[in-house]
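The structure appears below as structure tokens.
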Amino acid sequence: MKKERSADTNRPFKLAHQIVSLTGINFQRKSIIGYSELTIVPLRDNLRVLKLNAKQCRIYRVCINDIHEVSFQYFDPFLDITHDDDRERSLEAFAQAHVNAASQIDPDKNGGELVVMIGEEAASLVTEGRSVRIGVEFSLEQPQGGIHFVIPEGEGVLADRAAHMYTCCYENSSRLWFPCIDSFAEPCTWRLEFTVDENMTAVSCGDLIEVVYTPDMRRKTFYYGLNVPTSAPNIALAVGPFEIFVDPYMHEVTHFCLPGLMDNLKVSARYLHEAFEFYEETLANRYPYPCYKQVFVDETDVDVSAYASMSILSTNLLHPYPIIDQTYITRTAMAQAIAEQFFGCFISMQNWSDAWLPKGISTYLCGLYAKKCFGNNSYREWIHKELQEVVKYEEENGGIILDPSQPPAPLPTATATPPNQPKPFDQGFHFLLKNLHTISPVYLEVMTKKAHLVMRMLEHRIGYELLLQVLNKHLSLASNASLQKASAGHWFHMLISTNTFSKAIFTVTGKDMSVFIDQWVRTGGHAKFHLAFIFNRKRNTVELEIRQDAISQKGIRKYVGPLLVTVQELDGTFRHTLQVEGAVAKSDITCHSKSRRNKKKKIPLCTGEEVDMDLTTMDSDSPVLWIRLDPDMTLVRACQIEQPDYQWQYQLRHERDVTAQFDAITALERFPTPSTRQALTNTIENEQTYVKVRCAAAHCLTKVANSMVSSWAGPPAMLAIFRKFFGSFSCPHIIKQNNFQNLQHYFLQKTIPVAMAGLRNAHGICPPEVIKFLLDLFKYNDNSKNRFSDNYYRAALVEALGETVTPVISVVQQGTEITAESLSSDTKLILEEITRNLNMEKLLPCYKLTVTVSCLKAIRKLQKFGHLPSTPNLFRNYAAYGQFVEVRLCALEALVDYTVVDGKWSDFEYLLDTVEEDPDPGVRLALIRMLCQNPPFQRPSNKQLIEIGKARWQELVHRLWKLFNCMLSHDSKMRCSVIDLYFTMFGKKRPACLPPPVVAEPSIPKLGTFDEMKMIPFTSENSLKRKANSPLTKDTAVGGSHEDIGVGTSEVLKDDAKKIKTNDKSSASLKTEYYSDNSASLPGIKEGTSGGPIGFEPGMFKKEESNKSETLSKGKKKKKDKKKHKHKHKHKHDHKHSKDKDKEKHKDKDKDKDRGDKDKEKKDKLKMKVKEETLSSDSSTASPFASSKDFTL
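In UniProt numbering, the protein residues as written are 1 to 1193.
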């Protein structure tokens, strides 16, 4: 197994221990000063270069064993991914460049941004083979990723305002806040030290050893130790004025929350100890860490992030005792975090392609706990829902490959010719599956769900008990390995891979799972079956036909293997396993029952119970009641079953499996008949039916009633049911006082009004009696004696009011101004009720402002259907930073919808500005997802190009391209999400709105390997700000000396003294305000390169021929210096700078010489206008020396 480890074979050293010390955490400046020390064991005598991971850190010095100060260099290809190859602007070309950039700094491929040169003085230490300590002093200023500061506005000290900070690393992104080996495959022991203000608390991984105050008693240092080997991505930190709660049932568990939330914390975490007990009992292993900490923080982009011995969770998971709906979500989220402590933190992935294992196993364990807590029906509903989501994603985008590291083994053939090797990757995606940081976050989310389904498939293949034994074997080996020293070489047992997992299964069960792994893990897609059957009365057989017609479609693959079919007959349930080999599988199944001829007799079900059925509607000759395909969901598949409506009705009424009931409800939408109406009504009224099935039946009955509107008799659908359950005895139209003790009734009471609001009469509008019924529910709603909150119920009522709205049908109002007098009476009543609830929320806000969210959705619907003027102003107010996050997201969703339906180009630009500039990372990510799901413009047509203008489309292309190519080096999740938006709007090819690319005279070389690149020293000024604009706006005049803005060349020829002089002069003229107070020149850099720290310049690899046109910043040099530079600046590796501003790219596509002449004319002026674009290239950094006011670390 050791030979399989890519980290050991590629990395020439082994990490044994690491110390991280953050001494200067400054909330006002959002800055951090720190020190990191890595203890490594060299594996090669000739080790002279160490590659570490570090982003957006300013490195001051690097020392070996605290004695030898060594030189270092920095390289981050994500600052400009495509380099100067921007002419293409297609995702097909970008995808490869994206993967190349990620591979160069991949720690598992011996890559890294920070390259440490081991000099001759320290080389002897390496040759001896003993451990070496690498100390790195660094600082962070205004970090744009990895660490998030939350500083609420208000009066008082920071602690009073609940200011706090925490790390939020997406996958392996710990490099964003301290230098490390940012790989899951490099575990080590840790010592962590954090100095904070006296009224703050630092929470991190491991045991809290001690807290020491500084001599002035104004600050204190928290010391944590983690002796269980853990990789850097599993290290986290949270600092804030937390309130601390020790779990009364497990004293090893500690909870931390922001001030004022302690009561909610105690309620939310009161069952956490049960999850620990369940996992330890199920896995037959102790919790692997000595303690566990839960920290609840604000403005997270995900609800749960699990790290070694601690989890960082969203404050929005906390809830008070009277809240019902949030309880299910919170308990599941906390259970997921604990499951990831076992698989994900303690046992982590070996390579990123093995990520499906810790993700799938932890979700599988969480599902087992959820089944224990909420019941088997809830669990099977969850699996059914995940299966539908995976199928939908794969059919829209392509098959998900869980482990793309190697293709599946070819199928055996009878011929002597070698079989065709299957393609390892699905070509339908706009990204390559070769690196974790280049893949769409949506893909990874759905991949986790598919991994969970595959783990369930394994459970059915080898058995529940044996699967738990396999997991126990991994945990036992890892526990033993964690007690060993690094030199023993046993820590590889703490890693899991597809190969080691399949070997463990073979060891425990004796079963070879290689065929299963090839079929479901290394191959993407799902199976799709179409089942039809007829009953042969003479032979008393069911003639089945199962077709796989869609195998040529995206995301669908051919399945070969066993397939279970269950037939419910009059004499019981019978299971038949068919062998599917071709595209069509036919089978004759002999029935065990004879036709009853209307004889009364109870019918046995699969659960063993016997029930009475009304058999009058069924075929008198056939004993078959219904047929199911793969009832246990043991395959990742989609099923279409053709059977008559009465069989679906029997299945809905009498099948005990909730997934079969959901399938029957979906099928019955196609059969709007009185018998379907009766079956759905009986299901809603049946107290023995799972409540979610009853709610789904209510929504289905709405669609059936609308299809039967001409023949419907009696009151509106479900009105009688609701009054029967919830109406007063003496006056049924007046609702009872709320009592949510019966949770089934609670969910029905929420769902039925929303379902009824969807009813329509023959004129296509909501019946007036339904609107009156809904308004009466508001009038008589009384929650005074209810122990539970009614906020979700009231939100559902407001949602129901919104559902009653239909488009304006009056021809007279078309194009006229909408006034209060022009509204219908029903619409006025609806609008008044929505306004009253919205205003009431300002006085008495409910939990999570759920009523406000529903009101905003209803208002948007009124706008969309022409009852209100369609304007975005209200939603922009609610979308502003400072509002509650769920209200903001609802308002932004309304703005996206408004932009799609009625918006102008400026409305779309407002949304893009929010994506770039909003302080909340969760909101930025959610908004870009909304735009992907509901794009305002998609693949612009010729008509749209004319209406909007080709220049605007081109500007949009350049803006999005610049955003993901250069601006988001610190946030791979956001970068890949913007790429998703670009793909949604323009596809993989070059956007049609762009002019044909101009072929450059010289060919641009592809980016070489990391070692072939010319290294340059590192600087923190390459860090990026969210806003894409330059600090110098279009109207800013730059005057005075030509050296106000300088760009030192990153490489110089040593024998060119004049050029060195030019560089020194340019660098020396920098203003001191461009540096932070804690800045220092970098040691280890040879004199003559620059007067100050310089860093990676995006676009430094461009050919010299295209560099004759100087960038705008270089235009500030004197004519004489520029002329010399133009003729003598010839490097071993040519540098590139982006030379065009966006408008110039479209106006002027002449020779470089013409542009150079224009630049000369501009340099004669003392003042110049600077466009609102970046200065040196498409990167957001204007130069290596950007002002700290505008371009932060």
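For glycine and all other residues, C-beta sits at the position ideal for the given N, C-alpha and C.
Check	Outcome
CA nearest to the CA of C345, picked from D776, L261, L226	L226
Alpha-carbon spacing of C257 relative to R656, whole angstroms	43 Å
G360 in three-state terms, based on DSSP	helix
Those residues which DSSP pairs with W626 across a bridge	Q568
CB-CB length for L475 against F342, believed under 8 Å	7 Å
Three or more C-beta pairs below 8 Å linking the region 245-262 and the region 212-229	no
Among F908, M974, D980, nearest to E955 - alpha-carbon criterion	F908
Span of the beta strand (DSSP E) around G135	132-141
Proximity below 9 Å, CB of R975 to CB of F964	yes
Local conformation of V808 per DSSP, three classes	coil
Helix, strand or coil at R547 [DSSP, three-state]	strand
Outcome for H493 when other beta-carbon atoms lying within 10 angstroms are tallied against a minimum of 16	buried
contact_flag[the region 324-333, the region 355-363] where n(CB pairs < 8 Å) is 3 or more	no
Pairwise C-alpha distance: N110 and V20	22 Å
At least 3 beta-carbon pairs within less than 8 Å: the region 207-224 vs the region 271-278	no
Test item: CB-CB of R522 and Q406 under 9 Å	yes
Cβ-Cβ separation, C57 to F138 (assumed contact under 8 Å), whole Å	4 Å
Residues near E581 in its chain [Cβ-Cβ closer than 6 Å; skip 5 each side]	V560
Separation of K266 from L249, as counted between CA atoms	The identity of residue 249 in the sequence shown is Tyr, whereas the question assumes Leu. Each residue's Cα considered, the two are about 12 Å apart.
Residue from K842, D45, I118, W177 whose Cα sits closest to the Cα of E128	D45
Buried versus exposed call for C731 [16 or more other C-beta atoms within 10 Å across all chains shown]	exposed
Within 9 Å, strictly: CB atoms of Y646 and S620	no
Sequence-distant residues of the same chain with beta carbon closer than 7 Å to S593, five excluded per side	E569, L570, D571, P623
Pick from W177, N351, Q28, V754 that is closest to A858, judged by C-alpha positions	V754
Opposing strand residues paired with A202 [DSSP bridges]	V239
Pick from A762, V853, L468, A585 that is closest to R716, judged by C-alpha positions	Before going on, a small fix: residue 716 reads as Pro here, not Arg. Selected option, being the one with the closest Cα: A762.
Boundaries of the alpha helix (DSSP H) in which M985 is found, first to last residue	972-986
Opening and closing residue of the alpha helix (DSSP H) in which W961 lies	950-962
Any non-hydrogen atom of the ligand GDP within 8 Å of T566 CB	For the ligand GDP, the structure offers nothing, since it holds no ligand at all.
Whole runs of the alpha helix (DSSP H) within the region 873-944, excluding any shorter than 4 residues	873-878, 885-901, 905-917, 921-933
Where F154 falls: helix, strand or coil (DSSP)	Residue identity differs from the one stated: residue 154 is Gly in this sequence, not Phe. Residue state, collapsed to three classes: coil.
Whole-angstrom distance between L317 and F178, CA atom to CA atom	29 Å
Spatial distance of C188 from K30 (CA atoms)	29 Å
Close Cβ partners of F222 (< 6 Å) along its chain, the five nearest in sequence each way excluded	F194, A202, V211
Euclidean distance between Cα positions of P441 and E299	19 Å
6 Å Cβ shell around L889 - same chain, five flanking residues per side excluded	A926
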